[in-house]
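Heads up: the structure comes next, in structure tokens.
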Amino acid sequence: MYLTYGTVLTFLSLFSFISASELDYDGWLQVRLYHSFDDLPVPQYTERGNVTISSIRSGAAIVAQPSISNANVDKLSKLAENGSKYRLKAVVKTSSGSETTFLSSVLACNLVGSNLQDTLYIWLDSTAQPVAVNLMSRGPCSQDSPATQMWTTEVQVKYPDGGPIPDTATYIQKIEREKQARESGEVKDNRSFFAKYWMYIVPALIFFVLTSATNPEAGGAGGGGGGGAQR
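Residues in the sequence shown are numbered consecutively from 54, following my numbering.
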């Protein structure tokens, strides 16, 4: 049974829409950041700042963060000395109204070594909903105090790449031409003889080989029996 032209058109059009949906959708995100400078099992978070992403497609972000206090610089340096982690809590609100909390962390010594330079990765799914928030700092591990008390934060929005959109129009035209050719009887089978009938030739060949291999064994068995009878 062949698929109708309309069925194929509907299926491929739907596939194209799904593939491009994450590229066509746009929206905004608001992220409230909280951080912890303690090493307790249950961290105590204080406000760090806010991130406003006006377009998830472009990733355009505005970061508002006050400088870190002297007391928190000392706490961060102590975390670095102990090999502990600086912990971050991000509360992400989307343009659809949903709100999700994510936790992340980074070695305090890397944050100190980078002079408070870090990167905030916000991961979205195909419906533009946040699925993860990760904090990274690429600085060398250092136990000294940072050279500045100002944050330098880069924000990157990551979402699935739908890949190239298929050329549905060309494919549909090809299907339609093949359909019309079948209906008018214009389709010719240009395959070789073996390509057409291999499913019959191969079993016959196997049967012939097996038969040829079995007959000599049967003849040899008869001759041996005769020799035994003569004794």
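Here a beta-carbon is modelled for each residue, glycine too, at the ideal position from N, C-alpha and C. For clarity, every value in this text was computed on a predicted model and none was experimentally measured.
Reduced DSSP secondary structure (H/G/I, E/B, other) of M252: Per DSSP, reduced to three states, the secondary structure at M252 is helical.
Span of the alpha helix (DSSP H) around V165: Per DSSP, the unbroken alpha helix (DSSP H) holding V165 starts and ends at 161-166.
Let me know the alpha helix (DSSP H) ranges lying completely inside the segment 80-161, each 4 residues or longer, listed in chain order. Note on the segment 80-161: whole alpha helix (DSSP H) runs with a minimum of 4 residues are 123-134, in chain order.
Classify G166 as buried or exposed, calling it buried when 16 or more other Cβ atoms lie within 10 Å of its own Cβ. By the Cβ neighbour-count rule, G166 is buried, with 16 or more other Cβ atoms within 10 Å of its own.
Which of helix, strand or coil does DSSP assign to Q209? Reduced to three states, the DSSP call for Q209 is strand.
Taking the C-alpha atoms as reference points, what is the distance between K146 and T172? If you draw a straight line from the Cα of K146 to the Cα of T172, it is about 19 Å long.
Three-state class that DSSP yields for L169 in the structure shown: Here L169 sits in coil by DSSP.
Just the Cα atoms here: how many angstroms apart are S137 and P96? S137 and P96 have their C-alpha atoms roughly 12 Å apart.
Grab me the residues of D92's own chain with a C-beta within less than 7 Å of its C-beta, minus the 5 sequence neighbours each way, in chain order. Hits under 7 Å: L132, N135, S137.
Taking just the CA atoms, how far does V104 sit from A143? For A143 and V104, the distance between alpha carbons rounds to 10 Å.
Please report the residue range of the beta strand (DSSP E) in which M203 lies. Note, M203: premise wrong, no beta strand (DSSP E); not H, not E.
Where L129 and S158 are concerned, what is the direct C-alpha to C-alpha distance, given to the nearest angstrom? Near 13 Å, if we compare the C-alpha coordinates of S158 and L129.
What does a CB cutoff of less than 6 Å around S148 pick up in its chain, not counting 5 residues either side in sequence? Setting aside the 5 residues that flank it on each side, S148 is surrounded in the same chain by G80, W81, each with a C-beta closer than 6 Å to its C-beta; the list follows chain order.
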